[in-house]
Amino acid sequence: MLAKRIIPCLDVRNGRVVKGVNFVNIVDAGDPVENAIFYDEEGADEITYLDITASHEKRKIILDVVERTASDVFIPLTVGGGINSVDDIRDLLNAGCDKVSINTSAVKNPEFIKRASERFGSQCIVVAIDAKSCTSCTSTDIVDIPEWLKENKAYEHLKLTDNERGNANKWEVYTHGGRRPRGIDAVKWAMFMEELGCGEILLTSMDRDGTKIGYDNALNRAVSEAVNIPVIASGGAGELQHLYDALDIGKADAVLAASIFHFRQFTIGQTKEYLSSKGIIMRI
């Protein structure tokens, strides 16, 4: 059995690490490179940077951060945010990251995932899914179904029906930093992305993000059981028990967390010792 992974997540905005609740209420959490070096020394298995205000004009900021990180950090580094082309992926890989995380561009054009996987290999293509429970979606949400999906019979199964919108066992895909509902079933979307060649799913519960009340393990388990590639659980970590539950109940292969590490509530060492004591295989 493969060891489970602990992955600190650093949301980067204009060159600084920030953290919010439910994708809003942002506060500063330090320098990304200093944070990454600290977590590497603590024994984290990987680091993830999410460039939450990424744009073509600001791309050089995150490239600089990646280059500086890669020179001092020797665990796998994933970077996501505003990745729209194979050139973006190439630039980030050349700067020193090991994997890229793609969300909005995958929904806009799924063929991008296929091309990226064929060009760079599935092992470095992560599809990020920001999912919200259909029980918390409101009637005022304007669903922006992608053009390629609207009238395409071959992909109709991906769309949520009106009857599924109040279903507690259904989750909707959101893009653009959690601002835009897309009318896509999150579990079926994960399966589709696997078919197109992505090597990993980064699954964030929008309902739980930053709340510290625990991961959405119904969502984690539904996706983990539907795909054969690793699933990283994200959104809601507040206690070490929450990480255990995501790996045990949620069947995730890795847990991503931010606040509990950034604000030194727990160390990576404490986290691994706790999980190992409960029977989770860890790299100590």
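This note's numbering applies: residue 6 is where the sequence shown begins, and numbers increase by one.
A virtual CB, placed ideally from N, CA and C, is assigned to each residue, including glycine.
If distances are taken between C-alpha atoms only, which option among K158, W153, N222, E72 comes closest to A41? E72
For N168 and P235, the rounded distance between their alpha carbons: 30 Å
V84 beta carbon less than 9 Å from that of S106: Cβ atoms of S106 and V84: closer than 9 Å.
Within 9 Å, strictly: CB atoms of L248 and V260: yes
Three-state class that DSSP yields for P13 in the structure shown: P13 falls in the strand class under three-state DSSP.
Take every Cβ of the region 89-103, pair it with every Cβ of the region 168-179, and state whether three or more of those distances are shorter than 8 Å. no
For M287, the three-state DSSP class (helix, strand or coil): strand
Residue range of the beta strand (DSSP E) that includes I42: Counting along the chain, I42 falls outside any beta strand (DSSP E), though it belongs to the alpha helix (DSSP H) covering 37-47.
Which residue's Cα is closest to the Cα of K256: P151, A227, I88? Residue A227 is the option with its Cα nearest to K256.
So if DSSP puts Y279 in a beta bridge, which residue, or which two residues, is it bridged to? Y279 pairs with nothing; no bridge assigned.
Would you list the one or two residues that DSSP bridges to E72? Residue pairing by DSSP places E72 in no beta bridge whatsoever.
According to DSSP, G85 sits in a beta bridge with which residue or residues? L55, S106
Taking the straight line between their C-alpha atoms, what separation do you get for L1 and I12? What the structure shows of the chain is the stretch from 6 to 289, and residue 1 is not part of that stretch, so it cannot be assessed.
Suppose the cutoff is 7 Å on Cβ atoms and the five residues either side in sequence are ignored; what does the same chain contact list for I80 look like? D45, A49, D50, E51, I52
For I88, which residues of its own chain have a beta-carbon under 8 Å away from its beta-carbon, when the five flanking residues on both sides are left out? A59, I94, L97, V105, S106, I107, S110
To test your reading of the DSSP string, which unbroken beta strand (DSSP E) runs of 3 or more residues are found completely within the region 172-219? 176-180, 185-190, 205-210
Grab the span of the beta strand (DSSP E) containing L7 for me, first residue to last. Premise fails: L7 is in no beta strand (DSSP E) and is neither H nor E.
With burial defined as no fewer than 16 other Cβ atoms inside 10 Å of the residue's Cβ, what is the status of A242: buried or exposed? buried
V148 by DSSP, collapsed to three states: which one? coil
Proximal residues to I66 (C-beta, below 6 Å), its chain only, five neighbours per side dropped: G20
How is L261 classed by DSSP in three states: helix, strand or coil? strand
Counting only the same chain and skipping the five closest in sequence on each side, list residues whose C-beta sits under 8 Å from that of L68. D96, L97, A100
S138, enclosing beta strand (DSSP E) - first and last residue: 130-138
Could you give the first and the last residue of the continuous beta strand (DSSP E) run that contains S239? 236-239
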